[in-house]
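Just so we're aligned, residue 0 is where the sequence shown starts under numbering that gives the first Met the number 0, counting upward by one.
In this text, a Cβ means the ideal position worked out from N, Cα and C, and glycines have one as well.
Comments concern the structure below.
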Amino acid sequence: MMLQDKLDFLNKYTLSKKLSVSLIESTNIDHIQKDLIPDEWREIFKEKNKSSKISRVLNVWKRYVSNEMSNTISFLKECLIDVELMAIGDRYSILYSVKNARGKILYYEGRNPKEYFNNEQLEEDWSKIPDKIRSFYENVHSGFYYYPSKSMGLESLENITYLDDYEWDIVDEIGEHNLKIDFASSYGFFSNGMGTYVVVDYKNSLGDNATLWSSKEEPEYNLNFWDVVDEWMVIGFE
């Protein structure tokens with residue numbers, strides 16, 4: 000895809016007519032204010048060599064979630080054809096270009112871990128969220144998802160669903176007394192974009208315990224958060 004076509008495509012999904020996408024050239028990295036992006040990003044995107052950039056970005060993943068997201072990392076290692084520093088307005092993130100088995104290029108956005116939190120309720124409860132999840136958001140990406148739909152991935156901080164904010168019709172079917180999560184301490188970190196979430200109830204999250212919560216089907220309890228996220232991530236790529 001030519002650069003202009005790519006930008007036109009990306010601009011369709013900024014969620015705002017006022018914002019436009021730019022891809023930052025290696026020579027312009029130093030123009031970005033010091034504390035706006037991680038130092039490591041700065042070094043990576045000064046690189047001219049594409050495969051070196053890719054392996055350095057994947058090294059960040061390996062450092063923090065090598066076991067938890069091993070399938071995702073393997074897939075990216077095989078199918079990632081580019082990583083670029085992207086600005087949407089004054090917000091920076093990494094644009095991943097993934098070429099799947101059908102030869103289609105999928106764009107994923109990895110949000111900036113230095114970004115402002117922008118989610119009051121979650122910020123209040125952040126210290127109660129399991130370590131590994133916090134570590135991903137604070138060190139790798141504060142959200143990583145399919146760019147056009149903003150789903151099929153780990154939600155950006157401001158979009159993480161607080162279950163207590165919503166009325167769930169499915170509760171009538173399940174029966175309130177059968178619920179095994181407490182909405183007041185539950186957050187949907189992963190969304191498939193169609194009403195299904197991988198939910199962490201921080202009062203019951205030992206061993207990365209999670210629930211598959213759907214607005215349409217009965218919940219599935221006692222799943223491992225990372226197993227589900229890692230598997231679904233790869234399904235999204237394919």
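CB of F135 within 8 Å of CB of Y63, strictly: Position 136 of the sequence shown, counted from the first residue, corresponds to residue 135. Position 64 of the sequence shown, counted from the first residue, corresponds to residue 63. The Cβ atoms of F135 and Y63 sit closer than 8 Å to each other.
Alpha-carbon to alpha-carbon, L178 and G206: In the sequence shown, counting from the first residue as 1, residue 206 sits at position 207. In the sequence shown, counting from the first residue as 1, residue 178 sits at position 179. Looking at the two C-alpha atoms, the distance is approximately 20 Å.
Simplified DSSP assignment, three categories, for R100: Position 101 of the sequence shown, counted from the first residue, corresponds to residue 100. Checking the displayed sequence, the identity of residue 100 turns out to be Ala instead of Arg. Here DSSP, grouped into helix, strand and coil, assigns A100 to coil.
As assigned by DSSP and simplified to three states, the class of N10: Within the sequence shown, the letter at position 11 stands for residue 10. Note: N10 maps to helix in three-state DSSP.
Spatially closest choice to R41 from K47, D29, S50, by CA coordinates: Along the sequence shown, one-based indexing puts residue 41 at 42. Checking every option, the nearest Cα to that of R41 belongs to D29.
Range of the contiguous beta strand (DSSP E) that encloses F143: Counting from 1 along the sequence shown, the entry for residue 143 is found at position 144. Following the DSSP letters along the chain, one finds F143 inside the beta strand (DSSP E) bounded by residues 143-145.
Any 3 or more C-beta pairs closer than 8 Å across the region 98-117 and the region 167-182: The region 98-117, when compared against the region 167-182, does not touch it at the 8 Å Cβ threshold.
Cβ pair S150, N191 closer than 8 Å: Residue mapping note: residue 150 aligns to position 151 of the sequence shown, counting from 1. Residue mapping note: residue 191 aligns to position 192 of the sequence shown, counting from 1. Yes.
Contact set for F74: own chain, Cβ-Cβ below 6 Å, skip 5 residues either direction: For this step, residue 74 is matched to residue 75 along the sequence shown. Contacts found: V233, F236.
Beta carbon of S184 nearer than 8 Å to that of Y201: As a position in the sequence shown, residue 184 is number 185, starting the count at 1. As a position in the sequence shown, residue 201 is number 202, starting the count at 1. In contact: S184 and Y201 (Cβ atoms closer than 8 Å).
Cβ shell of T210 (< 6 Å), same chain only, five flanking positions each side left out: Locating residue 210 in the sequence shown gives position 211, counting from the first residue. Apart from sequence neighbours up to five positions away, the residues of its chain that approach T210 with a beta-carbon distance below 6 Å are I180, V198, P218, Y220, ordered along the chain.
Residues near M193 by beta carbon distance below 7 Å, same chain, minus five either side: Here the question's residue 193 lines up with position 194 in the sequence shown. Excluding its 5 nearest sequence neighbours in each direction, M193 has no C-beta neighbour in its own chain below 7 Å.
Distance between beta carbons of L162 and F188, contact taken as under 8 Å: For the purposes of this step, residue 188 is identified with residue 189 of the sequence shown, where counting begins at 1. For the purposes of this step, residue 162 is identified with residue 163 of the sequence shown, where counting begins at 1. For a cut-off of 8 Å, the C-beta gap from F188 to L162 is around 11 Å, too long to register as a contact.
Residues bridged to N208 (per DSSP): By 1-based counting over the sequence shown, the position of residue 208 is 209. N223.
Reduced DSSP secondary structure (H/G/I, E/B, other) of M151: For the purposes of this step, residue 151 is taken as the residue at position 152 of the sequence shown. In the structure shown, M151 sits in a strand (DSSP, three-state: E or B).
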